[in-house]
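Asker: Okay, handing you the structure first.
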Amino acid sequence: MKKRGEVGGSGGRNGRRRREEEEEGAKEKKKNKKKKKKKKKKKNKKKKKKKKKKKKKKKKKKNNNNNNNNNNNNKNNNSNTNDRI
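Here full-length UniProt numbering is used: the first residue of the sequence shown is 1, the next is one more, and so on.
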């Protein structure tokens with residue numbers, strides 16, 4: 001491990017960036033990286049939206065199912081009471 005105040009090393013994150021900029025086409029590399037990140041963000045957003053839609057659909061289906069069951073139960077209950085009278 002380096003002691004405090006020692007000179008040298010990789011230069012950390014900024015050092016890496018500096019070295020990349022010294023290389024040819026470093027700016028292009030940076031641009032592509034940014035583009036890739038943006039694309040990924042968009043993809044994730046789309047995925048999230050799809051998931052939300054699916055969840056909503058599932059919930060709607062569940063509610064509909066519950067309503068149908070309740071209606072059927074009510075019909076059955078009503079018919080039974082009518083038979084008893």
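Don't be surprised by glycine CBs; every beta carbon is placed ideally from N, CA and C.
By DSSP, does glycine 25 sit in helix, in strand, or in coil?
Answerer: Coil.
Asker: Considering only the alpha carbon of each residue, which of Lys39, Lys40, Arg17 lies closest to lysine 29?
Answerer: For the residues Lys39, Lys40, Arg17, the minimum Cα distance to lysine 29 belongs to Arg17.
Asker: What is the rounded straight-line gap between the Cα of lysine 61 and the Cα of lysine 52?
Answerer: Cα-Cα distance, rounded: 14 angstroms.
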